[in-house]
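Here the structure comes first, spelled out in structure tokens, and everything after it is commentary.
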Amino acid sequence: MFKYEKLLEYPINIRKKDLKMAKLLNQQLGGPNGELAASLRYLCQRFSMPDEKGRALLSDIATEELGHVEMISTMVRQLIKDASIEELKSAGLDTHYVEHKKGVFPSDSNGVPFTTAYINITGNPIVDLQEDMAAEKKAQAVYENLMDLTKDQDLLAPLSFLREREIVHFNRFKELHDYYKKQGM
Amino acid sequence: MYYDERDNKIKYISEEKKIENNDYDFNNHEHNDVDINKFNIKNELEKNMYENNYKSNEWDTDVKVNIGNINVNNIRVKNELYSAKEGLNKGNMFTSIYDPYKNYIYKVVVSGERDELLLKIQELTFKTIDLGLYLDVNPQDEKVYYEFRNASKELKKAKEIYEKNYGPLCLTETEYYSEYKWNKNPWPWMNEGGKN
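Chains as they are written, first to last, in my numbering: chain A, 205 to 389; chain B, -2 to 193.
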């Protein structure tokens, strides 16, 4: 089961409203390489991991990714909360407002709702881990693109943190993958 | 809130140099892809002595050992873990796999007793998360487990102080309160003192 702790993994305090970035950041909330997809992917894959190492690693990374969902949602909410209707319109977020007002909704930056078609669970630990490694690399690339698109330090700091976590996760998945390969899987 | 280390170029460059030259990658030493010359180990015998010394290390849990200063064959091995504070800033506890983008390095700076204590909790939580992931795959690493265990103990103490003074971080924390306080303090996404 899960227990909630009333703190973010990394502190976030965005002082400048930036609706363009709110729209773009949504990519990492409900996009194909976003945090929600990552979390669900590992939460489901862990059931078919063959040993304690796999079950532990997938559970723990999935849990951390839930914390990242919370971080991205926090960033989107803080960027959007003080916006006027006119500002929403000029940032292209009127299409978000019509359905969700200033709520946080897991869609990609174009408003396409999240779908589990973004993730795969094959039940084969090697194949699943290879998907996970690719997913972490893709998420890392998206974070780099997001960092190219802003100069606000309040955004860059948590984005660089989240990007670095993708690197760590990639390395852990690779270690486990190589270990399974050595075992002859 | 964030301090960009790139503002201070000299500091940043010297820090990068350290990462380049002084780190010994414990994780990979079994796979022989470590540059032994870095540590002036000249032959196979010395290399084996080095590895045996590292492997036979036993950790006394009552004594705090500075693992950065273990002296083997007169070689100073730099600690391969960052401090909890530096780890949170970088998003990575392990010097060997740290890889920044375009030199973006930030330091989290907070003010006020409450935020400082919360930051301390975040740093220690981060340390336990990151070392935990490593230990999931490498449970035999006593050195990292020792660090993990100390961080968990320190985290427990920090949480106690925070919860005593500022309210619960977990729903079931009730020891310090005579009334229900879970819904009293601000949620993590609320900035500027709870203004949403």
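Positions of the beta carbon are idealized from the N, C-alpha and C atoms, including for glycine.
Next item on the list: Could you tell me the distance, in whole angstroms, from the CA atom of Q249 of chain A to the CA atom of V302 of chain A?
Entry: 36 angstroms
Notebook entry, point to check: What residues from chain A crowd round Q137 of chain B, counting only those whose CB sits closer than 9 angstroms?
Noted result: Neighbours of Q137 of chain B on chain A: none; closest Cβ ~11 angstroms, over 9 angstroms.
Next item on the list: Could you tell me whether the segment 107 to 124 of chain B touches the segment 151 to 170 of chain B, where touching means 3 or more Cβ pairs closer than 8 angstroms?
Entry: yes
Checklist line | Alpha carbon of R146 of chain B to alpha carbon of T125 of chain B, nearest angstrom | finding: A straight line joining the alpha-carbon of R146 of chain B with that of T125 of chain B spans about 8 angstroms.
Checklist line | Any alpha helix (DSSP H) of 4 or more consecutive residues that is wholly inside the segment 292 to 374 of chain A | finding: 298 to 304, 329 to 352
Check: Which residues, taken in chain order from the segment 140 to 168 of chain B, show a beta carbon closer than 8 angstroms to some beta carbon of chain A?
Finding: P165, L166, C167, L168
Checklist line | Residue from B:E120, B:L168, B:K178 with nearest C-alpha to K87 of chain B | finding: B:E120
Check: Along chain B, in chain order, which residues have C-beta atoms closer than 8 angstroms to that of R250 of chain A?
Finding: By Cβ distance, chain B contributes nothing, its closest Cβ being about 11 angstroms from R250 of chain A, past 8 angstroms.
Notebook entry, point to check: For L266 of chain B, which of helix, strand or coil comes out of DSSP?
Noted result: Residue 266 of chain B cannot be examined here, being either before or after the span of chain B that is shown, -2 to 193.
Check: Exposed or buried, which one is L168 of chain B when buried takes at least 16 other CB atoms within 10 Å?
Finding: exposed
Next item on the list: Would you mind sorting Y347 of chain A into buried or exposed? The rule is 16 or more other CB atoms within 10 Å of its CB.
Entry: buried
Item checked: Chain-ordered neighbours of T278 of chain A on chain B, where CB pairs are closer than 8 angstroms -> P185, W186
Check: Is there at least one Cβ from chain A nearer than 7 angstroms to N89 of chain B's Cβ?
Finding: yes
Check: In chain order, what residues of the same chain have a beta carbon less than 6 angstroms from the beta carbon of A313 of chain A, not counting five sequence neighbours either side?
Finding: A small fix is needed here, since residue 313 of chain A is Ser in this sequence, not Ala. Excluding residues within five positions, the ones whose Cβ falls inside 6 angstroms are K227, L228, N230, Q231.
Item checked: Span of the beta strand (DSSP E) around V273 of chain A -> Per DSSP, V273 of chain A belongs to no beta strand (DSSP E); it is in the alpha helix (DSSP H), 256 to 284.
Notebook entry, point to check: Can you give the Cα-Cα distance for N54 of chain B and L212 of chain A, rounded to whole angstroms?
Noted result: Residue confidence is low: N54 of chain B scores 44 on pLDDT, short of 50, so the model does not pin down where it sits. Its coordinate-derived value is still stated next. Cα-Cα distance, rounded: 36 angstroms.
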